[in-house]
Each structure stands twice: as C-alpha cells, then as structure tokens.
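Numbering (full-length UniProt numbering), first residue to last: 1 to 545.
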C-alpha cells in the first residue's frame, strides 16, 4: 500500500494516520500524538530513474515503531518536517470533567493532611512565594517549626539549586521524618553554613542521631566536591550517620535504556531475535539483557529506597530524621523518597494516593519532565540531549517490581503504570508539561490545558485501572532486591512485539472469579447476620415460653 498526495498526506501531516505496518498486531488505536514521536527517519526508495518514493519510519517514545511508504519522496520529507509538539495547548476536552485534576491535589489541602500526621514541630512556610528562593520548589513548603524563613533563605544559598531541607514524609508510627534537599555546596574549600547545620540539627531528638542518605556513589560525591558540590562534613554534622545509596547518574540511565530498546525483540518459544542479528539462544539473550545495565540500575534504586524506608521505620529508636539528597535533588532524590513512601504508606498504594504521591513528589517537587522526557530511547535532542533521562520510567519500573512481589497490595494495575509512562512522554494533557511549578505558572499550563487526573479520575476510565485482586494492607512492604527477584518488565518493553490476547484473557478470567468471590463473601456475611438474628429470636421465644 502506498500513500498518495490527496487526503492521507494531509492526515499524515497532522499525524492522524492509519498505519501501513506496525510492530504490534493487536494495536487498536490508529492515532498517534505529535509528541509521541521520538525520532523520524526518512529512507528514499528508488524504484527506477523516473520515480522516487520514500519510507517514513516513526520511532515512538513508548517504544513502538511505525513504518509506511509514501509514493513521492518530497511528500515524505514534508511529512517528516510537519510534526509539531504543542498539542496539549490546543487540546479540547471531549468529556465532562467531574473532578478537576488541577485542584484535586491542591497544595494547601495536601499539606494540611501531612500536618495532621505531624501534629506539632512543623509549619507551612511561604518563603518561596513567587519562587524567589528556589526555582524548582513549589511556593509553599513544610519546614521545622522553630526555623525562621531567614535561615531557610541562607540555607538555600548553601544547597544546590536553592533546594534547602524540606519535609517530604512523616511516619506516624515511629515519629520519624523524611527530608529532601539538594547537595551542600561545600566545594574543595570545605565551605560550611551554620544556618543549614541549625536546620538539620533541629530535627534531632536528645536520644537519637540522624541519617543522611546520599543517593550517589561515594566516588561521585567526592568528585562533586571538587566541582563545588559535595556532601556534609562529619566535622559540622557530627550527629548524623552518612550512607551512600549508589544509584546511577542520569546519563548512565539514559544509555542503559537506549541499549535496551535499541534491540527489537521477536520472541518465540525457544529463541530471541535481537537487532539485526540472527537467532540467538536464550542464554545469550539473558547476557545481553544484563549487559545493558537497566535491571542492575533498577535494583540499585530499589535497594536505596528500601534502605531509606528501613531507616525511617526501624532504625533502632523512634524519631530518627532521614535526609535524602543526591546532586541537584530533582532526580534520584525524588525517586528514592517517593518509592520509600510507597513502601511505608499504604495510602500511596491506592490510585488516589499514588496520584497524590506523583503530584507531590515529582511534579510539584521540580522534576524537569520537559527536559528528561524530551526524547525516549531512539533519539537525543540537540538542546535537551544532556538533560534527557528516563528517571520517571525508572520509578515506575521500581513500583512494578514491588507490585510483582505484592500483587494484592496495590489498588491499581500495571496498565495504570504504563498509562502514566506514556503520558509523561507524550500527552494531550498538561500535568507533565514544564520542568517546575514556576514554569507551569509562567506558561499558564493550569488554565490553558486539562489535567491528566481530570481524565483518569473519571469513573468510566478509573474502573479500567482498578486491581480486582486488591486487598488493603497497612503493613510496610519489604521487597526482595536480590538479582533473581528483579524482573524484566515485558508488558512495557515487549508490548508491541508479543501477542498479549491469551495473557489478557487469563487475567480477565481471574478478575471475574475474584469479583465473584467478593460477591459470595458479601452474601456469606449477610447470611451469617441473618442466622444470628434468627438465633436471637429463637432464644427469645424459648425464654418467653
């Protein structure tokens, strides 16, 4: 099938296209968002001396590859050049908004909930009003009650990106707090900041020491010190124990994903075809998978988060403050603090709670989505290239690892995680636009676009992501992080390759039986209640006679 100038070319320029060929035979939706395209490749096809057609290859951020042929090479090039990236600002919501996502997780309301947990010792500060102190923080933050705003401003000059220490999570059971910030700008001269020391020491009780978790390796932290960054000096922070998390740099994570997705997979019962190579055995495939480093990085991040959760939950004594930072405090720091909360707090494992976690610990906390998600695995931007990295995907992969080990403890399904991944990279909604709350305000994102949560929290949509196996579990989750327990997320990385109909059918059957089980359990409770009432009536009748 070829594509001619009339009609379909116009559609192609808008990317409202019917795919000639595509990787996944089960793909139902023939539409592709502009921003979903990661890389466009044009390959000329010379049939004879008089005609030159073109092959247009769209490599998408969700790892799908679309290939189709256009009869005229010039038209093919025009299509490639016609892709735009500002769709969310022109998107008109086709559904009735029942729950406005922009106000669903209002900062004041979310902080009020957190303050109820904290009770005393903390306050909501407007020190960053107008984003004057820190460009990547929200305008309001929670800080120690006894610390004035002047100390926060001075501490901001000592912390990377102005990210002074703020409260991320409060554990009611142990009364321990989780704090995040940027690295201290110690530098080679061992600079100190007494105001910053006062802020951290105000978190300590008279009977316990605090814990500082640096998400980097020790070598990276020491290297950062030579460049003006660094880590807290034991001389000035003597009441704090230091732990290195050993998570990778954003460039390493980006390269690992590129190596992983560089391969196009064709799974059969016994063999795997990778890239342009011939059939190779499963052992070699496992070796290739391990050598790309992705699973090791997921293990490292999950281990670091579990370490933080352990420090908060059971460090040996109550009221242990745990401070987490890496370099800038906008990537691995947010991944670790949000993942630790997922392990510690059962509310974060509900759909609404998970949305709140992402809004609070990623979007409002200043993760630079526009930079990190400018491209996926197939391309690198000329401007954004050094800043691109799938850190949010790493977080979702880590969540999926925990979900795999505790499938009944999550209200949402893995399809919900994949949904979030896709919208982080390409979306008609505005939730993941911009690099900070400041940028959202500057470009009027909250008034000019629709929130992703407005869509997903619509009851008709929400029910498709509810886990029928879910049983509320208030216990802390302790996932196994041993290499054999870290799985390859096939449903995400191979979903355009494999036929999932049989697996989906099995899942659907399980869900139906689970729903039936709940219905029967409800009937059992009703019958027991009726039996107890009849028993009481019999006893009363016997007593009367």
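Beta carbons: idealized from backbone N, C-alpha and C, even for Gly.
DSSP bridge partner residues for residue i (one or two, in chain order)
i: residue 159; result: 184
i: residue 57; result: 41 and 67
i: residue 510; result: DSSP output for residue 510 lists no bridge partner at all.
i: residue 123; result: 143
i: residue 176; result: 171
i: residue 324; result: 180 and 213
i: residue 52; result: 46
i: residue 336; result: Answer is none; residue 336 lacks a bridge partner.
i: residue 466; result: 412
Backbone CA spacing between residue i and residue j [nearest angstrom]
i: residue 450; j: residue 427; result: 10 Å
i: residue 306; j: residue 183; result: 21 Å
i: residue 23; j: residue 209; result: In this prediction, residue 23 has a pLDDT of 35, which is less than 50 and means its spatial position is unreliable; what the coordinates show is noted afterwards. So the alpha carbons of these two residues sit roughly 55 Å apart.
i: residue 477; j: residue 542; result: 52 Å
i: residue 243; j: residue 327; result: 15 Å
i: residue 60; j: residue 39; result: 7 Å
i: residue 498; j: residue 388; result: 28 Å
i: residue 265; j: residue 215; result: Confidence in residue 265 is poor, its pLDDT being 48 and thus under 50, which makes the residue's placement too unreliable to answer from.
i: residue 221; j: residue 509; result: 51 Å
i: residue 530; j: residue 404; result: 39 Å
i: residue 113; j: residue 58; result: 45 Å
i: residue 378; j: residue 492; result: 16 Å
i: residue 538; j: residue 532; result: 10 Å
i: residue 513; j: residue 486; result: 29 Å
i: residue 275; j: residue 329; result: Reliability fails at residue 275, whose pLDDT of 38 lies under 50, so the model's placement of it is uncertain and no value is given.
i: residue 401; j: residue 238; result: 36 Å
i: residue 515; j: residue 288; result: 41 Å
i: residue 146; j: residue 103; result: 30 Å
i: residue 268; j: residue 161; result: Its pLDDT being 40, under 50, residue 268 is placed unreliably by the model, and the measurement read from it follows with that caveat. Using only the alpha carbons, I get a separation of about 49 Å.
i: residue 36; j: residue 252; result: 23 Å
i: residue 42; j: residue 65; result: 13 Å
i: residue 308; j: residue 70; result: 54 Å
i: residue 121; j: residue 174; result: 15 Å
i: residue 334; j: residue 77; result: 41 Å
i: residue 286; j: residue 496; result: 20 Å
i: residue 595; j: residue 321; result: The first residue shown for the chain is 1 and the last is 545, placing residue 595 beyond what the model contains.
i: residue 53; j: residue 67; result: 14 Å
i: residue 115; j: residue 144; result: 11 Å
i: residue 314; j: residue 213; result: 15 Å
i: residue 430; j: residue 106; result: 16 Å
i: residue 234; j: residue 225; result: 14 Å
i: residue 254; j: residue 324; result: 22 Å
i: residue 181; j: residue 380; result: 29 Å
i: residue 201; j: residue 98; result: 45 Å
i: residue 21; j: residue 63; result: Because residue 21 carries a pLDDT of 35, less than 50, the predicted location of this residue cannot be relied on, and the following value inherits that uncertainty. So the alpha carbons of these two residues sit roughly 15 Å apart.
i: residue 504; j: residue 199; result: 52 Å
i: residue 206; j: residue 118; result: 18 Å
Bounding residues of the beta strand (DSSP E) (the contiguous stretch that carries residue i)
i: residue 565; result: Examination of residue 565 is not possible in this model, given that the chain is present from 1 through 545 alone.
i: residue 240; result: 240-244
Boundaries (first-last residue) of the alpha helix (DSSP H) holding residue i
i: residue 300; result: 294-314
i: residue 453; result: 452-456
i: residue 370; result: 369-372
i: residue 255; result: 250-261
i: residue 423; result: 414-425
i: residue 351; result: 351-358
i: residue 203; result: Counting along the chain, residue 203 falls outside any alpha helix (DSSP H), and DSSP gives it neither H nor E.
i: residue 115; result: 107-118
i: residue 395; result: 391-405
i: residue 362; result: Looking at the DSSP string, residue 362 is not in any alpha helix (DSSP H), and its letter there is neither H nor E.
i: residue 101; result: 101-104
i: residue 220; result: 218-226
i: residue 442; result: 437-442
i: residue 447; result: 445-448
Interface flag, residue i vs chain D, CB-CB below 9 Å
i: residue 445; result: Among the protein chains of the structure shown there is no chain D, as only one such chain exists.
beta-carbon residue i near the ligand SAH non-hydrogen atom, thresh 8 Å
i: residue 37; result: As far as ligands go, the structure on display features none, and thus does not contain the ligand SAH.
The stretch 128-139 / the stretch 429-439 touching (three or more Cβ pairs under 8 Å) = yes
At a cut of 8 Å, does the stretch 329-338 reach the stretch 361-375 through at least three beta carbon pairs?
-> yes
Alpha helix (DSSP H) segments (min. 4 residues) lying fully within the stretch 474-513 = 490-493
So, do the stretch 247-255 and the stretch 295-309 have three or more beta carbon pairs nearer to each other than 8 Å?
-> yes
Counting pairs of beta carbons, one from the stretch 348-357 and one from the stretch 405-419, are three or more of them closer than 8 Å?
-> yes
contact_flag[the stretch 450-467, the stretch 382-401] where n(CB pairs < 8 Å) is 3 or more | no
At a cut of 8 Å, does the stretch 143-161 reach the stretch 186-201 through at least three beta carbon pairs?
-> yes
Okay, do the stretch 341-351 and the stretch 164-172 touch, 3+ Cβ pairs below 8 Å being the bar?
-> yes
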